[in-house]
Each structure stands twice: as structure tokens, then as C-alpha cells.
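Student: Can you keep this structure in mind? I'll have questions shortly.
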Amino acid sequence: MANGNDTSQQSRLDPTPLEPKRGFKRTIFFILAMVFGVIVYAYGFDVTRVNLDEIKSETRQTQLVRVLRALARPDLLTYERVSTPTNAAFAMPCPAGGFTADEVDDDARHITVEPACVEPGGKITVRGHNFSANARGTLVQVPPADDLELRLAEFQVDGNGDFEITVNSRERDSDQPQTIRAITRENIGSIFNPVEVVLTDDSGSVSTVSSPRISKSTTDTWDRIIETVFLAFLATTLGTVIAVPLSFMAARNLMRDISVPMTKLALQLLALPVGVGVGILAAGWARTISEQLTDSTFLVILGLVVIPFLMILAFRWALPPVEEEPPTPAERSLRAAVMTIASVGGIVVLFLLASLMVTVGDWLAPRLAAFEFIGSFVASLGDILNAIITLLTALATAGVLMNLAGKLGMWMKGHLPAGFIKVFRIPLAAVAGAVLAVLIGIGIGSLYQITDPMKIYWVPAAVGGTIGLALAIRAYQKEQVGIGLSIYYIARTIFNAIRSIEPLVMVIVFVVWVGIGPFAGSLALALHTVAALAKLYSEQVESILPGPIEAVKASGATRIQTIVYAVIPQIVPPYISFTLYRWDINVRMSTIIGFAGGGGIGFLLQQNIRLLNYRAASVNMLAIAIVVASMDYLSSRIRERIV
Amino acid sequence: MGPPGMLKVEHLTKIYEGGTLALDDVSFEVPDGQFLAVIGLSGSGKSTLLRCINRLIEPTEGRITWNAVDVTQASQEEMRRIRRRIGMVFQHFNLVHRSKVLTNVLQGSLGYVNPALSLINRFPKDQVRKAYQQLARVGLQEKAAQRADELSGGQQQRVGVARALMQDPEMILADEPVASLDPVLAHSIMQYLETINNEDEVTVLCSLHFLDLVHRYADRAIALNEGKLVFEGAPSEIDDAKFKEIYGQEAERVG
Chain A
668 MANGNDTSQQ SRLDPTPLEP KRGFKRTIFF ILAMVFGVIV YAYGFDVTRV
718 NLDEIKSETR QTQLVRVLRA LARPDLLTYE RVSTPTNAAF AMPCPAGGFT
768 ADEVDDDARH ITVEPACVEP GGKITVRGHN FSANARGTLV QVPPADDLEL
818 RLAEFQVDGN GDFEITVNSR ERDSDQPQTI RAITRENIGS IFNPVEVVLT
868 DDSGSVSTVS SPRISKSTTD TWDRIIETVF LAFLATTLGT VIAVPLSFMA
918 ARNLMRDISV PMTKLALQLL ALPVGVGVGI LAAGWARTIS EQLTDSTFLV
968 ILGLVVIPFL MILAFRWALP PVEEEPPTPA ERSLRAAVMT IASVGGIVVL
1018 FLLASLMVTV GDWLAPRLAA FEFIGSFVAS LGDILNAIIT LLTALATAGV
1068 LMNLAGKLGM WMKGHLPAGF IKVFRIPLAA VAGAVLAVLI GIGIGSLYQI
1118 TDPMKIYWVP AAVGGTIGLA LAIRAYQKEQ VGIGLSIYYI ARTIFNAIRS
1168 IEPLVMVIVF VVWVGIGPFA GSLALALHTV AALAKLYSEQ VESILPGPIE
1218 AVKASGATRI QTIVYAVIPQ IVPPYISFTL YRWDINVRMS TIIGFAGGGG
1268 IGFLLQQNIR LLNYRAASVN MLAIAIVVAS MDYLSSRIRE RIV
Chain B
4 MGPPGMLKVE HLTKIYEGGT LALDDVSFEV PDGQFLAVIG LSGSGKSTLL
54 RCINRLIEPT EGRITWNAVD VTQASQEEMR RIRRRIGMVF QHFNLVHRSK
104 VLTNVLQGSL GYVNPALSLI NRFPKDQVRK AYQQLARVGL QEKAAQRADE
154 LSGGQQQRVG VARALMQDPE MILADEPVAS LDPVLAHSIM QYLETINNED
204 EVTVLCSLHF LDLVHRYADR AIALNEGKLV FEGAPSEIDD AKFKEIYGQE
254 AERVG
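Top line first, the protein sequences correspond to chains A and B.
Take the first sequence: its letters are residues 668 to 1310, numbered as in the numbering used here.
Take the second sequence: its letters are residues 4 to 258, numbered as in the numbering used here.
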């Protein structure tokens, strides 16, 4: 008993037989890992060309110091300067009996030359006293005959107002005494005590400037930093507006349950291109109608008042506020017809509005003086509206037609024999797949300039048809197709792909499209913002409470109503928070997007660095630091408040 | 199809994706205007059963007929029309915390109002008036403008009841409506359900934990154990033997 107890104790407490072996293995592994680490680092040094000789090199060091000194003195203010000469006499060569300089007033600013006379080209030591502390200046030699100033050296006055410098004199011998002149250049005025200076330029015109005054670098920097902040602002707002609806598509909890019957899906896919086509046609008609009116501003305004009024009446009639009983088919079709007409009216209104905005903007711009930009803004908004109406119409029509196709699918499901539907949906899926593939084929064909109809129509049609057929056969037994998750994965993939391209790279493409400048930068940042925010937002949507969604759904709400009432109230604070965070990032990003031609302060900074104008570059960097730091602070403060 | 004015559940089975059998061939009938208690342990399938009735959860097999309409075969749009007449009250109230109390109540009318206008938070005046009336009915009219999360638990559940009433329901599904509340509040909520059942003649299906509540409020009870219907009858019929059958051999009566 005691014996058995002992052995068990031993095996439990004394696992020594295993220990050293494991330790040895570990040591070997550790050494190998170290060696591997060293190799990795050595290779890293090699490919990044780490070169300590460069760091030690004298010229590199002086250059670095020069640049650092320039950077340390940002060119914020421009001073007018005044030159003050201080003279002392000396002789070259030494006259017989020597030369004695005049007596100097020890309390006044003066210089002394030692020795008082030299052989031509001899060394002299110049000492100055009672100068302005830390002033800089030039030492010149003035021969008596002419008014030439021969530069000898630059000097720097010390903190006590003294300087001492030893230089070689110039060989200008004369029997007359010569002059050594110390010319100091001093800034006029100070920040606390600015001075008005009257300047006369070469043509004789007189102007008054203040010294010191804000430098050109500072004003340029100010202009550009404003541009930068607004570039980031536009990119963030544009990106947010697009990212919000997209984020729902990338939220698993919203998309997971969306599944449609195969027949409905195939019909909807077929309705998509038809809808886009009809939409473009409808927009064309509406444009023609609106062009009849746009010649006269009065007609435009009349149209803008009358058509919306009629539209409201039509919608009121077609969409009763409370529906007790489902409408009859006749009622439904009448309503649909009225809504269609009202919608065309709506497109006309949009065209009229765009035209009115252009007219008003152009009219306002010259009359607003300093606020001219508001007029141009209104006009550009009109232009943008005009440009996107067709797109909007196409999308809306596609949506409506897809909805109708879905209803048709549901009707077929309810009214046709189930066996027929099961068979019928297989060729339908094949056709839908073929149409979709041909659309993709046309897109790819235009990108790669393929004109062969075989390649852009027939091959994709065959491939798409086969895929559709295969899917339909595979889903033969299944009633529903989980389209929601497919959309979810596609959206996620696209967002991740876009997010992985830096805006600095994207801007290169946009520069080709819209030219160098802040507009290209805003577009590149906006695109990146859409992808980044859509991902962040969708993760927020995924983390909301499911309870309210369930409750709203249970009350008979539609999917969109559920999103508006149960999802959106829950995501508003995180959305605002992420948007601010993104603005913060965009400001940071926009400061350098100019390096790639995207406008903003980066453009100026890059120029200044290339021109070796480091003091101006320093102003740019200072501005960037201030803006980024204050954005950072502001956005974090606001976010704290909201969440 | 069953006669109108009746809820009929036939051979209802629900198997979740992971293979969990939540409901196993459950059949029962509820005549109009009855107060039916659904009892059973946690995880016995009570919530699944209630959610299958308005198809928040898709049943795997079986048929549910209500007012002579086959709920299980209804299309999405038909389902919305069915759901808007079935109010639902939840254990965790399921209010939208950041929305106003009034908005939460108005959500009950979403199945009736014009979907387009409701998206911009416009409700017809009479619906708003009705929402105030429902709030008054549960004694919370002065809280209408407050945020839902500023209310206490009992008040939140009263808002939940008002939201269900907003639907003019013919049936209310109450999923453990009092499980998160203390006994006093529990009775107050149950009394609201009782009043609705008696005065408005609304059918109530209510899952409950405590047997004393079942005895006090329910006309009839059904019991589930691991997805199977193990009892159907008057609450008074639940004796000790039945109790052990429903709740298992180790269970002790607490109330």
C-alpha cells in the first residue's frame, strides 16, 4: 500500500526523465530561430541598403544640419531689412610714419582695424563693438578712388554686440586712406511692434508695407490647407452617402435570411437589363419634354410648381395612407399606370430643377462678389443633377421592373402547377445566366477592345447559360435560393479589394480622368472612404440587437420599414462616430495626396522640397501638423460625446 | 382548413440548421378568444412554437391554419397581412432603445400605413392619436416623448403591450412576457393581457414560467417537453404527476 503510494507520488512529482530532452530540443529550436532571425535581418539590411558610411559622411551631415536649420525656421513672416554701414579707416600700403585711425567713441557702434595699415593683401583683424546683438552682416573694403565695395567676409555679431573677424584684405594700394565697412542687415520691426515701411521701386512708384508681414509662403500654405480640409470634407461626405446604403448589403445578419425562389430570381435577373434600358429611354423622353420648357425661365418655374403638385395628388390617390383590404387587380393596374405617369413627371421635374439651378447659379455668380462661389456651386449642382438623372432613372426603373418580375414569379408560383414551374425554371435560369454573362462580356469586351461578336456575345452566353442551367439543376429540389448571402460575399469582396488600394495610388487614375488637382484627390479619397466605411458600418450593423428587428418584423412591416425602424436607430451613433474618424483619416491622407497630383497642401510641399525651399516646406509641414493634430483632437472629443 | 375563428396547429415540426429538434409533431387548437398558456422548461420549444405561428421562424414541417388561412403557405405579402393582425410581446421587450416611446408604439401600425410615407417617419394623424390612446391604456401617455431606454423594465413591457395593441390584433403571442420582471410587475402586465383578452376578445398565447400565473390567468394550458406536446388541458388539471411529467422528475414546485 505504502509502496504503491510512493511510486504514484514519484511519477507525479518527479517527471525528470522527460525534462532534459525537451529542454535540449527547445534550445536547438531557439538557436535555429535566432540564426534564422539574423539571416532575415541581414537580408533586410542588404535590400534596404542600410549604409552607415553615408550617415558618417561629412557632406551629408552638413547638408542635414543645413536642412534641419531651415526647417527649424519656418518662413512665416517677411521682414523688410535695413542696412547700416559702420566705417573705419586704414591704409594700404603703410605710409611713412605709419597710419593712425581716428579716435572712436567707445560708447557708439564702431569698428577697429588692426593693424591700422597693411601691405597690399595683408591680414587684418576687424573688431566691432556695440552692434545689435546677433545681427549678421557683410564686411567690405572700399578703396578711396571709386565707390566699389569689395566683399571680404560675412560676420555674425555675438550676444554682447561684439564681433571679431580676421580676413585677408584686397590688393588695392593707394596713398589715400581706405575704408573698411561693416554693413549689418537688420529686420525692421518685430512681431510685437510692426513698423510701416515706405518702399520706392525701380519705376519710382511708392508703396507702404508693414514689417514684419505675413509671408507669401504662409498665405500660399493657408490657401492650400483650406483646400486640403475641404477636400477631406467632400470626400468624407460623398463617401458616407454612398457607403451607408451599401453597408446594409455587407451585413450578414440582414442578408442571411434573404432568399428567393429560383423562378423569381431568374425573372428578376432578366428584368434588370430591360429595366435599365427602359429607364434610359424614359429619361430620354423626359429630357425631350423638359427641353420644350427650358427656353423660358417662367415655364421652368411653372413646371416646377405644377408638376410636383399633380404628382402629390397622384401619389396620394395611388398610395392610400392606410390599407385595409388588398386592392383588386383592376385597381392595381390603374394605380400602376398613374404612378408611372407621375414618375415620368418626376423625372421631368428633376431635369427642370437641374436647368433652373444652372440658370440661377450662372445669374447669381457675378452678382455675389466675394460669394461668387455659391453661385458656381448651385450651377455645378445643377450640372451634376442633370448628369445623374439618367443613371437614377435607369436604376429606379430596373428596381421597379425587378419588383414586377418578382410579383410575376410569385403569381406563377401561386397559379401554375408546381411541376410545370419546376421544369420551366430550368431553361429560365439558363437564359438569365446567359443574359447576365453577355452583359459582363460586353463590359470586358469594351475594356480589352475586343470586337469579335463570338467572344463578347456567344461564348459568355454559352458559359452563363451553362452555369445557370447547372445551378438550376443543382437547386432542383430546393425552393429557395439564398441570394442574400451571395450579395453579402460579393459586396465584402469588392470592399476588401478597393480598401487594399491606397488612395495615393487611386488618385493616379483619377488624375488621368479629371486632371491634376483637388477634385481628383477628393474622388480618390471618396472611393476609398466608401469601401472602408461600408465595411466598418456593416460590422456595426452586424452587432446590433436582433430583438427590435424581430419585433418590427412581427408587426407586419416590410423589409425596408424594418431597416428604417429597427436597424437605423441602433446604428446612428456608431455611424456618426466612424464618419468622424474617417474624416480624421481623410484629412491626414489629403495632406499627402497632392504628392500624386491630388491637390491640397501636399502639392505645395512637394514643390517646395523639390526646389530646396526648406523654409517654405517647413511652413507647410507646420500647417499639416496643426491641422492633423486639431482634427484628431476634435474628432475624438466629438466621438466621446456621441458614444 | 379549420373553421374560421380558430388557430389550428397540425403536426408542427421544427429542426434547426444544426439538427436540433425544437418542435416534434406538435398539434393543438386554440378557439377564438381563449387565453392559452404555454408551459415547459427553458429550451422546451415554447419560443420556437410562438414564432412559428407568425413565421418569424420557418417551420420545417406541419401546417398552421388561422382564420381558415394556411399560414405556412402564405407568400411574403400575405404573411405581412397576417402578421399585422397578430401582436407580439417579448421577454426582453424588444423596444428600439434610442427611439421615442411614441415611435415604438407607432411601429405597431407599420403593417397598415403607406410604406413610402412611413420611411420618412410620417404617420397618419389618426394613427398617432391611436398610439396615444394605447399609451394611455397602459398608463404611460406622459412618457410618449421620452426615449424608450429611459423607462423602467415594467414600463418598457407596457410599451411593448401598447405596441401590440396598436396592431388591432386578433391574437397576441406573448413570449415569456413577465420573465424579466419582478412578481408585482408581472401581475400588472398579466392583468393588461387579461383585460385585452376579456374586453377586446383577443386570443392570447402566452408562454409562462410560473404555474401560479398559469392558474390565475389562463383558460387552458399546453405543455412542451423537448419539443413534444406532453400536456393539454385546464390549468387545474396539472397535478403533481403531470408536473413531474412536464418539468422532469427532479423538479420541485415553487409556485
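Idealized CB from N, CA, C, for every residue including glycine.
Between B:E80 and chain A, is any beta-carbon pair separated by less than 9 Å?
Tutor: Translated into positions along the second sequence, residue 80 of chain B becomes position 77. It does; some Cβ of chain A falls within 9 Å.
Student: Which residues in the same chain as A:A985 place their Cβ atom closer than 6 Å to its Cβ, once the five residues preceding and following it in sequence are excluded?
Tutor: Sequence index remark: in the first sequence, residue 985 of chain A carries index 318 (1-based). Counting only Cβ-Cβ distances below 6 Å, and skipping sequence neighbours, we find R1002, V1005, M1006.
Student: Identify the contact partners of B:A118 in chain A, using a Cβ-Cβ distance below 9 Å as the criterion.
Tutor: Start at 1 with the first residue of the second sequence, and residue 118 of chain B comes out as number 115. For the sequence presented, residue 118 of chain B should be read as Pro rather than Ala. L986, A1224, T1225, I1227, Q1228, listed in chain order.
Student: Classify A:W1281: buried if its beta carbon has 16 or more other beta carbons within 10 angstroms, exposed otherwise.
Tutor: Here residue 1281 of chain A refers to the residue found at position 614 when the first sequence is read from its first residue. The question names Trp, but residue 1281 of chain A in the sequence shown is Tyr. Result: buried.
Student: Among all the DSSP beta bridges, which residues are the ones paired with A:A1224?
Tutor: The residue labelled residue 1224 of chain A in the question sits at position 557 within the first sequence. According to DSSP, which records beta bridges pairwise, A:A1224 is partnered with nothing at all.
Student: I want to see whether chain B comes within less than 9 Å of A:A1218, judged by CB atoms only; does it?
Tutor: For this step, residue 1218 of chain A is matched to residue 551 along the first sequence. Yes, A:A1218 lies at the interface with chain B (some Cβ there is under 9 Å from its Cβ).
Student: Can you have a look at A:T626 and say buried or exposed, based on whether 16 or more other CB atoms are within 10 angstroms of its CB?
Tutor: The structure shown does not extend to residue 626 of chain A, since chain A spans only 668 to 1310, so no value can be given for it.
Student: To the nearest whole angstrom, what separates the beta carbons of A:Y1156 and A:Y1204, a pair I think is in contact under 8 Å?
Tutor: In the first sequence, residue 1156 of chain A corresponds to position 489, counting from 1. In the first sequence, residue 1204 of chain A corresponds to position 537, counting from 1. Contact doesn't hold; Cβ gap of about 17 Å is too wide.
Student: How long is the line joining the alpha carbons of A:M1341 and A:V1045, rounded to whole angstroms?
Tutor: In the structure displayed, chain A extends from 668 to 1310; residue 1341 of chain A sits before or after that span and is not available.
Student: Identify every residue that forms a DSSP beta bridge with A:N827.
Tutor: In the first sequence, residue 827 of chain A corresponds to position 160, counting from 1. In the DSSP output, where bridge partners are listed per residue, A:N827 has none listed.
Student: Could you tell me whether the Cβ of A:P879 comes closer than 9 Å to any Cβ of chain B?
Tutor: Residue 879 of chain A sits at position 212 when you count from the first residue of the first sequence. It does not: the Cβ of A:P879 has no partner Cβ on chain B nearer than 9 Å.
Student: Taking all protein chains shown into account, decide if B:G21 is buried (16 or more other Cβ within 10 angstroms of its Cβ) or exposed.
Tutor: As a first step, residue 21 of chain B is located in the second sequence; it is residue number 18 there, counting from the start. The residue is exposed, with fewer than 16 neighbouring Cβ atoms inside 10 Å.
Student: Check distances from the C-beta atoms of the segment 1236-1262 of chain A to those of chain B and list, in chain order, the residues that come in under 9 Å.
Tutor: Listed in sequence order: P1236, Q1237, V1239, P1240.
Student: Ordered along the chain, which non-local residues of its own chain (more than five positions away) have a Cβ less than 6 Å from that of A:F766?
Tutor: For the purposes of this step, residue 766 of chain A is taken as residue 99 along the first sequence, with counting starting at 1. Once the five neighbours on either side are set aside, the close Cβ partners of A:F766 are A758, A783, C784.
Student: What are the boundary residues of the alpha helix (DSSP H) that includes A:I1109?
Tutor: Reading the first sequence from its first residue, position 442 is the one you call residue 1109 of chain A. Run containing A:I1109: 1085-1114, per the alpha helix (DSSP H) assignment.
Student: How long is the line joining the alpha carbons of A:P1215 and B:D152, rounded to whole angstroms?
Tutor: For the purposes of this step, residue 1215 of chain A is taken as residue 548 along the first sequence, with counting starting at 1. For the purposes of this step, residue 152 of chain B is taken as residue 149 along the second sequence, with counting starting at 1. So the two alpha carbons sit approximately 13 Å from each other.
Student: Counting only Cβ pairs nearer than 9 Å, list the residues of chain A close to B:R266.
Tutor: Residue coverage of chain B in this structure runs from 4 to 258, which leaves residue 266 of chain B outside it and unanswerable.
Student: For a contact defined as C-beta to C-beta under 8 Å, what are the partners of B:M9 on chain A?
Tutor: Reading the second sequence from its first residue, position 6 is the one you call residue 9 of chain B. Chain A residues near B:M9: none, gap ~21 Å exceeds 8 Å.
Student: In three-state terms, what does DSSP make of A:Q935?
Tutor: The count along the first sequence starts at 1 and reaches residue 935 of chain A at position 268. DSSP places A:Q935 in helix when its eight states are reduced to three.
Student: I'd like to know if B:G90 contacts chain A, where contact means its C-beta is closer than 9 Å to some C-beta of that chain.
Tutor: On the second sequence, residue 90 of chain B is found 87 positions in, with the first residue counted as 1. Yes, B:G90 lies at the interface with chain A (some Cβ there is under 9 Å from its Cβ).
Student: I'd like to know if B:S45 contacts chain A, where contact means its C-beta is closer than 9 Å to some C-beta of that chain.
Tutor: Within the second sequence, residue 45 of chain B is the residue found at index 42, counting from 1. Not an interface residue.
Student: So, at 6 Å on beta carbons, what are the nonlocal neighbours of A:A1063 in its own chain, with the 5 sequence-adjacent residues on each side left out?
Tutor: Taking the first sequence and counting its residues from 1, the one referred to as residue 1063 of chain A is at position 396. Excluding residues within five positions, none has a Cβ falling inside 6 Å.
Student: Who are the near neighbours of B:G156 in its chain, counting only those whose CB is closer than 8 Å to its CB and skipping five residues on each side?
Tutor: Counting from one through the second sequence, the residue named residue 156 of chain B turns up at place 153. Cβ neighbours of B:G156 beyond the five flanking positions: F96, S183, L184, L188.
Student: Using 8 Å as the threshold, is the segment 1256-1271 of chain A in touch with the segment 868-883 of chain A, meaning 3 or more CB pairs across them?
Tutor: Not touching, per the Cβ criterion.
Student: Counting Cβ pairs, one atom from each stretch, are 3 or more of them under 8 Å apart for the segment 35-54 of chain B and the segment 221-232 of chain B?
Tutor: Contact holds: three or more Cβ-Cβ distances are below 8 Å.
Student: At what residues does the beta strand (DSSP E) containing A:W1030 begin and finish?
Tutor: Within the first sequence, the letter at position 363 stands for residue 1030 of chain A. Per DSSP, A:W1030 belongs to no beta strand (DSSP E); it is in the alpha helix (DSSP H), 996-1031.
Student: Whose Cβ in chain A lies nearer than 7 Å to the Cβ of B:G111?
Tutor: Position 108 of the second sequence, counted from the start, is the residue given in the question as residue 111 of chain B. Near B:G111 (Cβ distances below 7 Å), the residues of chain A are S1222.
Student: In this structure, how does DSSP classify A:P762 when only helix, strand and coil are distinguished?
Tutor: Taking the first residue of the first sequence as position 1, residue 762 of chain A is located at position 95. Of the three classes helix, strand and coil, the one that applies to A:P762 here is coil, per DSSP.
Student: Taking the beta carbon of A:A820 as the centre, do at least 16 other beta carbons fall within 10 Å, making it buried, or is it exposed?
Tutor: Numbered from its first residue, the first sequence carries residue 820 of chain A at position 153. With fewer than 16 Cβ atoms within 10 Å of its Cβ, A:A820 is classed as exposed.
Student: So what does DSSP say about A:R848, is it helix, strand or coil?
Tutor: Along the first sequence, read from residue 1 onward, the residue named residue 848 of chain A stands at position 181. Three-state DSSP puts A:R848 in a strand.
Student: State yes or no: is the C-beta of A:G856 within less than 9 Å of the C-beta of A:S884?
Tutor: As a first step, residue 856 of chain A is located in the first sequence; it is residue number 189 there, counting from the start. As a first step, residue 884 of chain A is located in the first sequence; it is residue number 217 there, counting from the start. No; because the gap between Cβ atoms is not below 9 Å, this pair is not in contact.
Student: So what does B:R150 bridge to, in DSSP terms?
Tutor: Residue numbering aside, residue 150 of chain B sits at position 147 when the second sequence is read from its first letter. DSSP, once it has assigned bridges, lists B:K103 as partnering B:R150.
Student: Pick out whichever of B:E173, B:V217, B:E204 has its Cα sitting closest to the Cα of B:M193.
Tutor: Within the second sequence, numbered from 1, the residue matching residue 193 of chain B stands at position 190. When only C-alpha atoms are compared, the closest one is B:V217.
Student: Distance cutoff 9 Å, beta carbons only. Does B:N57 sit that close to anything in chain A?
Tutor: For the purposes of this step, residue 57 of chain B is identified with residue 54 of the second sequence, where counting begins at 1. Output row for B:N57: interface = yes.
Student: Can you find at least 3 beta carbon pairs, one from the segment 943-952 of chain A and one from the segment 1174-1186 of chain A, that sit closer than 8 Å?
Tutor: These segments do not touch.
Student: With 9 Å as the threshold, decide whether the Cβ of A:Y1155 is near any Cβ in chain B.
Tutor: Counting from one through the first sequence, the residue named residue 1155 of chain A turns up at place 488. Taking Cβ atoms only, chain B never reaches closer than 9 Å to A:Y1155, which makes this a no.
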